[in-house]
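Student: Residue numbering for the sequence shown is 190 to 371, as defined by this note's numbering. So that we are looking at the same thing, I have put the structure below in structure tokens.
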Amino acid sequence: MSITQQARYSTGAIVFHWVIAILVIVNWRIAEGAEHLEGAAKAASIAPHKAIGITILVLSILRLIWRLTHRPPAPPEAVAGWERILAKTVHVIFYVLLIGLPIGGWLASSYAGFPIDYFGLFTIPLFPVGVNFDTAGAIIDLHKAGGTFVLALVVLHVLGALKHSFIDKVPGLSRMWFGKNA
Ligand code: HEM
Ligand code: HEM
Numbered sequence: 190m191s192i193t194q195q196a197r198y199s200t201g202a203i204v205f206h207w208v209i210a211i212l213v214i215v216n217w218r219i220a221e222g223a224e225h226l227e228g229a230a231k232a233a234s235i236a237p238h239k240a241i242g243i244t245i246l247v248l249s250i251l252r253l254i255w256r257l258t259h260r261p262p263a264p265p266e267a268v269a270g271w272e273r274i275l276a277k278t279v280h281v282i283f284y285v286l287l288i289g290l291p292i293g294g295w296l297a298s299s300y301a302g303f304p305i306d307y308f309g310l311f312t313i314p315l316f317p318v319g320v321n322f323d324t325a326g327a328i329i330d331l332h333k334a335g336g337t338f339v340l341a342l343v344v345l346h347v348l349g350a351l352k353h354s355f356i357d358k359v360p361g362l363s364r365m366w367f368g369k370n371a
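Written out as structure tokens, the structure reads:
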């Protein structure tokens with residue numbers, strides 16, 4: 190980094206952020222749409238949810254590696270200490286859940302013995318666990334709760350970004366958007 194203060198996240202971090210954010214919202218909508226279906230209809234509509242979820246898993250692991258190798262911009266000085274801690278905590282939980290939730294879904298599919306088809310291109314291997322519907326059901330309950338929790342955090346996260354940009358008038362959204370960096 191040069192002596193000048195870095196104003197925004199790296200371009201790679203920005204691309205990861207927005208691609209993953211869109212996929213998470215789309216995947217949540219697909220899961221909600223499948224909630225009240227049964228049998229073959231449910232399996233058909235949850236199939237893209239599983240494939241998109243695996244995509245989010247892969248992208249989130251790459252993103253975490255990117256994050257650990259690219260320094261983020263320092264928080265604006267005007268942002269209060271508690272807000273920095275809250276924002277950082279939410280970011281860490283996002284990373285944990287964006288990796289943990291899809292692994293949970295993958296594990297539940299493995300316990301249920303249900304295949305994971307990747308957009309008709311290939312099949313993702315299941316974890317070598319025996320079929321156990323009780324365990325699959327317990328993991329899916331956690332998965333659903335985790336999915337709801339992520340969405341609650343997204344609301345908090347967006348409110349924080351909007352507050353910084355429009356109420357505190359410190360750099361907020363611009364830090365996660367393309368543009369000059371210094
Ligand atoms: C970050 C990625 C993911 C998110 C945010 C997510 C979120 C959710 C949410 C919110 C639900 C509950 C919908 C409802 O009934 O209200 C759900 C259901 C489900 N998810 Fe995921 N999911 C993700 C990845 C995956 C993956 C990778 C798999 C499997 C490979 C998977 C398998 C399932 C299944 C089978 C259900 C249906 C449960 C049922 O209604 O019986 N999910 N997911
Ligand atoms: C599913 C949706 C989303 C997820 C999972 C998510 C996740 C994250 C994560 C993990 C970071 C921290 C980046 C890092 O330090 O590595 C971040 C930063 C950020 N996000 Fe999101 N985000 C989502 C949606 C949004 C939306 C809709 C907005 C804006 C309206 C937004 C605005 C921002 C901003 C401005 C930052 C930079 C925070 C800073 O100043 O340091 N995000 N987001």
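Backbone N, C-alpha and C define an ideal beta-carbon position, used for all residues, glycine too.
Looking at the unbroken beta strand (DSSP E) that takes in residue 198, where does it start and where does it end?
Tutor: Run containing residue 198: none; DSSP gives neither H nor E here.
Student: Buried or exposed: where does residue 267 fall if 16 or more other Cβ atoms within 10 Å of its Cβ makes it buried?
Tutor: That one is exposed.
Student: Counting only the same chain and skipping the five closest in sequence on each side, list residues whose C-beta sits under 8 angstroms from that of residue 312.
Tutor: Excluding residues within five positions, the ones whose Cβ falls inside 8 angstroms are 304, 305, 306.
Student: Give the secondary structure of residue 308 by DSSP, where H, G and I count as helix, E and B as strand, and everything else as coil.
Tutor: The answer is coil: DSSP assigns residue 308 none of H, G, I, E or B.
Student: From the DSSP output, read off the bridge partner residues of residue 313.
Tutor: In DSSP, residue 313 forms a bridge with 305.
Student: Return yes when at least one heavy atom of ligand 4 lies under 6 angstroms from the C-beta of residue 211, else no.
Tutor: The model on display carries ligand 1 and ligand 2 but not ligand 4.
Student: Going by beta carbon distance, what residues of the same chain come within less than 6 angstroms of residue 400, once the five residues before and after it are set aside?
Tutor: As displayed, the chain neither begins before 190 nor continues past 371, which places residue 400 out of reach and without an answer.
Student: Please look up how many angstroms separate the CB atoms of residue 367 and residue 203, rounded, as I've assumed it's under 8 angstroms.
Tutor: The Cβ separation is near 6 angstroms, so the contact holds.
Student: How close, in whole Å, do the beta carbons of residue 249 and residue 284 come, if the pair is a contact with beta carbons under 8 angstroms?
Tutor: So it is a contact: roughly 7 angstroms between Cβ atoms.
Student: Give me, in chain order, the residues of the same chain whose beta-carbon lies closer than 6 angstroms to that of residue 279; leave out the 5 immediate sequence neighbours on both sides.
Tutor: For residue 279, where only same-chain residues beyond five positions count, the Cβ hits under 6 angstroms are 342, 346.
Student: Is any heavy atom in ligand 2 found nearer than 6 angstroms to the beta carbon of residue 256?
Tutor: Correct: residue 256 has its Cβ closer than 6 angstroms to ligand 2.
Student: Determine whether the beta carbon atoms of residue 205 and residue 260 lie at a separation below 7 angstroms.
Tutor: No. Outside cutoff.
Student: Is residue 233 helix, strand or coil by DSSP?
Tutor: Correct three-state label for residue 233: helix.
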